[in-house]
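Those letters in the sequence shown? Residues 506 to 912, by the numbering used here. From the three backbone atoms N, C-alpha and C, an ideal C-beta is built for every residue, glycine too. Quick caveat, the model's predicted, so the values are computed rather than measured.
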Amino acid sequence: MDVASDDPTSVTEFLPAPTSDLRIAPFLDAIAAQAAEADATRTIDSSLIAALKTSDVMRLSATKDLGGVEASMVDIGRELGAVSARCPSLAWALWNHVCVFHLFVGSLGPDHADFLSDIVEAREWVSFPAGAGSGAHGTIDGDVVRLNGKATWATGARYGDWCGVVFAVAEDGEIVRPVDLRFTMTRNDSPGVRINPTWDGSGLRASATDDIHYDNAEVPLDRCVSWFGANRAESLRTVPVVSHRYREDWVGLSDLWLGWMAAAIVRECLIDACAAVRERRVIMGAAMVERPTVQINIGRALSLTAAAQAAIAEATAEVDRRIEAEKVPDTADYYRQQAIVSMAVDQLQEAMDLLTRSQGGTALREGADFDRRARDFRAMPLHINVHQDRVTHQVGRLGLGIELAPF
């Protein structure tokens, strides 16, 4: 099935999004069927999570030498977009998994290839709590490190198996100076690791973006590496990597894939809005579909979405071409992909506003699915990686030839 809902209009012809060749295809009906309940209960259906963990969907971003699928960046975007059209919360959690696994491979490097391969082979789910308010420290004790503190924004951790953690080395309870930042991974079911279900967002309500608490959680010292920090993208151009693919930084890739998900939500809202407009009557009984302003708003929303889709697809394909040619990305490459997606998501936001305007107050009274998708979409332009304020500020500094900010 190529659409997530019945489409009596030409939206799917204007904005094609075939799914029959996708690895996620066998799960799409089940994903759509549980979406409303997932939103209401704030939890993805457990049987669906278990089924996904037996599939190759979990191995999309891993290279073949790690036992993965090594899907192209475009193909990963299409897979995530198909999920997003049906359940954005699940798409958000899967997006986080494929993004941060890419980051973890680049961070741990070839010396930990066997460890990473084990995760891939087991089709295990990873997350990366390292958002605002995080503060973990680790004390070295022989051949282990004891972790304490909290890490935030652990998207999908409740569904997953591993968390990445950035920590500062401490001695006698005090952070050593200068700060020695390191990275490691902990199993979610390890003693001393606790997931606190704190996510109470108005959108993406089942994404499980929670806090992780560490209480003397032990990790092997030899699984700890120096953390690139803000210099991550530049460092990946020269350090040893498992595969050339991992020279691409996860922030730029996350923006591209987020763009695919955002466009898929708007496309689905267009399908629903166009179907609803054809059936509705305005005050005094006139056909809503004949209102010129409704036609203009729908037409502009379709055009904005098509333009955004094209920009995101080409920016993603550019990365695939660069990987195939084994070209090391430079600073301009890195910021161009972020800039294109940031502006594309801005176009998609305008399209969503036009759809809301064209439906009027009826959308508030009858548009349960539309409202849910609109709430979920709102998270897309707000994510720090694609946030217009951060991206355009950096791109402006790049264009002016002045020093870039750390992030």
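Q: Within 10 angstroms of the Cβ of Leu525, are there 16 or more other Cβ atoms? Answer buried if so, exposed if not.
A: For the purposes of this step, residue 525 is identified with residue 20 of the sequence shown, where counting begins at 1. The sequence shown places Ser at residue 525, rather than the Leu named in the question. Under this definition Ser525 is an exposed residue.
Q.
Let me check one thing: in DSSP terms, what residues is Thr644 bridge-paired to?
A. Your numbering for residue 644 matches position 139 in the sequence shown. For Thr644, which the question treats as bridged, DSSP gives the partners Arg651, Ala675.
Q) Since Gly669 sits in a beta bridge, which residues does DSSP pair it with? A) Numbered from 1 along the sequence shown, position 164 holds the residue referred to as residue 669. BP columns for Gly669 point to Met690.
Q.
Check this for me: beta carbons of Ser594 and Leu709, under 9 Å apart or not?
A. Stepping through the sequence shown from its first residue, residue 594 is reached at position 89. Stepping through the sequence shown from its first residue, residue 709 is reached at position 204. Yes, these two residues count as a Cβ contact at 9 Å.
**Q.** Residues near Ala635 by beta carbon distance below 8 Å, same chain, minus five either side
**A.** Against the sequence shown, residue 635 aligns to sequence position 130. Cβ neighbours of Ala635 beyond the five flanking positions: Ala656, Thr657, Trp658, Gly669, Val670, Val671.
Q) Which residues bound the alpha helix (DSSP H) around Ile700? A) Residue 700 sits at position 195 when you count from the first residue of the sequence shown. Element bounds for Ile700: not the alpha helix (DSSP H) but the beta strand (DSSP E), 698-701.
(Q) Going by beta-carbon coordinates alone, are Ile536 and Leu520 separated by less than 9 Å? (A) By 1-based counting over the sequence shown, the position of residue 536 is 31. By 1-based counting over the sequence shown, the position of residue 520 is 15. No, Cβ-Cβ distance for Ile536 and Leu520 is not below 9 Å.
Q) Does the segment 803-820 come close enough to the segment 845-852 that 3 or more CB-CB pairs lie under 8 Å? A) yes
Q. Counting only runs that start and end within the segment 700-748, where is the alpha helix (DSSP H) found for 4 or more residues in a row?
A. Secondary structure in the segment 700-748: the alpha helix (DSSP H) runs of 4 residues or longer, each lying completely within the stretch, are 737-740 in chain order.
Q: Please list, in chain order, all residues of the same chain as Arg564 whose beta carbon is under 8 Å from its beta carbon, the five residues on each side excluded.
A: In the sequence shown, the residue the question calls residue 564 occupies position 59. Answer for Arg564: Gly572, Gly573, Val574, Val625, Arg628, listed in chain order.
Q) Among Arg841, Leu686, Ile645, Leu599, which one has its Cα closest to the Cα of Thr660? A) Stepping through the sequence shown from its first residue, residue 660 is reached at position 155. Out of Arg841, Leu686, Ile645, Leu599, Leu599 has the C-alpha closest to the C-alpha of Thr660.
Q: Could you tell me how far apart the beta carbons of Leu761 and Ala820 are, in whole angstroms, since I believe they sit closer than 8 Å?
A: Within the sequence shown, residue 761 is the residue found at index 256, counting from 1. Within the sequence shown, residue 820 is the residue found at index 315, counting from 1. At roughly 6 Å, the Cβ-Cβ gap stays under 8 Å, so Leu761 and Ala820 are in contact.
(Q) Given this structure, state the Cα-to-Cα distance separating Val631 from Trp667, to the nearest angstrom. (A) Start at 1 with the first residue of the sequence shown, and residue 631 comes out as number 126. Start at 1 with the first residue of the sequence shown, and residue 667 comes out as number 162. Answer to the nearest angstrom: the Cα atoms are 5 Å apart.
Q | Distance, Ala792 Cα to Val896 Cα | A | Within the sequence shown, residue 896 is the residue found at index 391, counting from 1. Within the sequence shown, residue 792 is the residue found at index 287, counting from 1. For Val896 and Ala792, the distance between alpha carbons rounds to 43 Å.
(Q) Between Thr644 and Glu676, how many whole angstroms is the CB-CB distance? I'm expecting something under 8 Å. (A) Residue 644 sits at position 139 when you count from the first residue of the sequence shown. Residue 676 sits at position 171 when you count from the first residue of the sequence shown. Right, their Cβ atoms sit about 7 Å apart.
Q. What does Ser632 pair with, by DSSP beta-bridge criteria?
A. The count along the sequence shown starts at 1 and reaches residue 632 at position 127. DSSP, once it has assigned bridges, lists Cys668 as partnering Ser632.
Q | Where the alpha helix (DSSP H) containing Pro531 begins and where it ends | A | On the sequence shown, residue 531 is found 26 positions in, with the first residue counted as 1. Note, Pro531: premise wrong, no alpha helix (DSSP H); not H, not E.
**Q.** Where His602 falls, given that 16 or more other Cβ within 10 Å makes a residue buried
**A.** The sequence position of residue 602 within the sequence shown is 97, counting from 1. His602 should be labelled buried.
Q. Does the distance from the CB of Gly582 to the CB of Ala818 come in under 9 Å?
A. Indexing the sequence shown from 1 puts residue 582 at position 77. Indexing the sequence shown from 1 puts residue 818 at position 313. Yes; because the gap between Cβ atoms is below 9 Å, this pair is in contact.
Q. For Ile680, which beta-bridge partners are listed by DSSP?
A. The sequence position of residue 680 within the sequence shown is 175, counting from 1. Ala675, per the DSSP bridge assignment.
Q: Could you give the DSSP three-state label for Pro786: helix, strand or coil?
A: On the sequence shown, position 281 is the one that residue 786 refers to. The sequence shown places Arg at residue 786, not Pro. Looking at Arg786 - three-state DSSP - the assignment turns out to be strand.
Q) Taking DSSP as the reference, what is the three-state secondary structure of Ala656? A) Locating residue 656 in the sequence shown gives position 151, where the first residue counts as 1. Strand.
Q: Could I get the ranges of all uninterrupted beta strand (DSSP E) runs contained in the segment 545-583, with 3 residues as the minimum, in chain order?
A: none
**Q.** Minimum C-alpha distance to Arg870 - residue among Ala781, Gln842, Glu908
**A.** In the sequence shown, the residue the question calls residue 870 occupies position 365. Closest by alpha carbon: Ala781.
(Q) When you compare the segment 744-755 with the segment 691-702, are there three or more beta-carbon pairs, one atom per stretch, that lie closer than 8 Å? (A) no
Q.
Relative to the C-alpha of Thr861, which candidate in Gly706, Lys558, Leu775 has its C-alpha closest?
A. Sequence index remark: in the sequence shown, residue 861 carries index 356 (1-based). For Thr861, the nearest C-alpha among the options comes from Leu775.
Q | Per-residue DSSP class, three states only, for Ala806 | A | Sequence index remark: in the sequence shown, residue 806 carries index 301 (1-based). Three-state DSSP puts Ala806 in a helix.
Q) Is Ala806 buried or exposed, if buried means 16 or more other CB atoms sit within 10 Å of its CB? A) Along the sequence shown, read from residue 1 onward, the residue named residue 806 stands at position 301. Taking a 10 Å sphere around the C-beta of Ala806, we find 16 or more other C-beta atoms and assign the residue as buried.
(Q) When you compare the CB positions of Gly757 and Pro834, do they come within less than 9 Å of one another, or not? (A) As a first step, residue 757 is located in the sequence shown; it is residue number 252 there, counting from the start. As a first step, residue 834 is located in the sequence shown; it is residue number 329 there, counting from the start. Their beta carbons are under 9 Å apart, which means Gly757 touches Pro834 by this criterion.
Q) Could you check where the alpha helix (DSSP H) with Phe607 kicks off and where it finishes? A) Position 102 of the sequence shown, counted from the first residue, corresponds to residue 607. The amino acid at residue 607 is misidentified as Phe; the sequence shows His. Residues 593-613.
(Q) Beta-carbon within less than 7 Å of His718's beta-carbon, same chain only, minus the 5 sequence neighbours each way: which residues are those? (A) Within the sequence shown, numbered from 1, the residue matching residue 718 stands at position 213. Cβ neighbours of His718 beyond the five flanking positions: Lys655, Arg699, Asn701.
Q) Leaving out the 5 sequence neighbours to the left and right, which residues in its chain are closer than 7 Å to Ala844 when beta-carbon positions are compared? A) The residue labelled residue 844 in the question sits at position 339 within the sequence shown. Closer than 7 Å at Cβ, skipping near neighbours: Val896, Val900.
**Q.** Distance between beta carbons of Ala778 and Phe875, contact taken as under 8 Å
**A.** For the purposes of this step, residue 875 is taken as residue 370 along the sequence shown, with counting starting at 1. For the purposes of this step, residue 778 is taken as residue 273 along the sequence shown, with counting starting at 1. Confirmed, Cβ separation roughly 7 Å.
Q: Give me whichever residues DSSP pairs with Ala791 in a beta bridge.
A: The residue given as residue 791 occupies position 286 in the sequence shown. Answer by DSSP bridge pairing: none, since Ala791 is not bridged.
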